[in-house]
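Residue numbers (our numbering): 9 to 268.
All residues carry an ideal CB built from backbone N, CA and C; glycine is no exception.
What follows is a short report on a single structure.
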């Protein structure tokens, strides 16, 4: 039995080293709607397979406590995150916001998988590893919302100087500035709606968090902006510029990711 355990321990150790090297050089940048990359699913699958040999892994611990395999497993997941970040940088060349969704989907899959099997894996993967990866999710979530809405926030929060000419009518410059703001907001909202078409979030918990982040970023600001400037007579054909009520904008933002 000891010989068999030692044999499996040797195989486990070789696999841990070899798979970490494989992850570090994987260059497959293909993705499907920014969902979970096959490298992520394969890593989770193989780690769970490895966890079926706890006696072999424990044997490695006993032989070399200074290089505990749970830290090698941590290295595998951190190598995976580094590889995903490399793919993320490639994606950023074509989209500013959506690559963050790719990272969020993959990182949340890792965290959820590890949490579901925490009892089987707790001897080999420190809880701090899960906390670290979960922190990466929060960072990408914040960066995603900034990428989506920073322009819209600027449009809705920077005030237009309100100037009147004789007869209590707005000056042409004021009217033009308000029209421009509504047009810019409409464009940003429509671009965001279009780019989120057929994009899927694989974790319902993360989906709700993203929707809440999006609404918190823009809906309240648009409400203040909308109420202030729709009260002014800035255009003859107002519907050309006031395309979305506050409820309309909220429904559009809340509808992201639901078309698939």
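With burial defined as no fewer than 16 other Cβ atoms inside 10 Å of the residue's Cβ, what is the status of residue 153: buried or exposed? Locating residue 153 in the chain shown gives position 145, where the first residue counts as 1. It counts as buried.
What residue ranges within the stretch 189–244 form continuous alpha helix (DSSP H) runs of no fewer than 4 residues, ordered along the chain? 212–237
At what residues does the alpha helix (DSSP H) containing residue 143 begin and finish? One-based indexing of the chain shown puts residue 143 at position 135. 135–165 is the extent of the alpha helix (DSSP H) around residue 143.
Using only alpha-carbon positions, find the residue among 157, 102, 144 that is nearest to residue 113. Along the chain shown, one-based indexing puts residue 113 at 105. Answer by Cα proximity: 144.
Nearest-angstrom Cα separation, counted from residue 195 out to residue 75: The residue you call residue 75 lines up with position 67 of the chain shown. The residue you call residue 195 lines up with position 187 of the chain shown. Because residue 75 sits at a pLDDT of 48, beneath the cut-off of 50, its placement in the model cannot be relied upon, and the point is left open.
Residue interval of the alpha helix (DSSP H) (run including residue 113): Locating residue 113 in the chain shown gives position 105, counting from the first residue. That run of the alpha helix (DSSP H) goes 106–124.
Between the C-alpha atoms of residue 140 and residue 120, what's the straight-line distance to the nearest angstrom? For the purposes of this step, residue 140 is taken as the residue at position 132 of the chain shown. For the purposes of this step, residue 120 is taken as the residue at position 112 of the chain shown. About 13 Å.
Chain-order list of residues whose beta-carbon lies under 7 Å from that of residue 90 (same chain, five-residue window excluded): Counting from one through the chain shown, the residue named residue 90 turns up at place 82. Counting only Cβ-Cβ distances below 7 Å, and skipping sequence neighbours, we find nothing.
Would you decide whether residue 168 is buried or exposed? Buried here means 16 or more other CB atoms lie within 10 Å of its CB. Residue 168 sits at position 160 when you count from the first residue of the chain shown. Counting other Cβ atoms within 10 Å of its Cβ, residue 168 reaches 16 or more and is therefore classed as buried.
Given 8 Å as the limit, is there contact between the stretch 243–255 and the stretch 209–224, that is, 3 or more CB pairs closer than that? no
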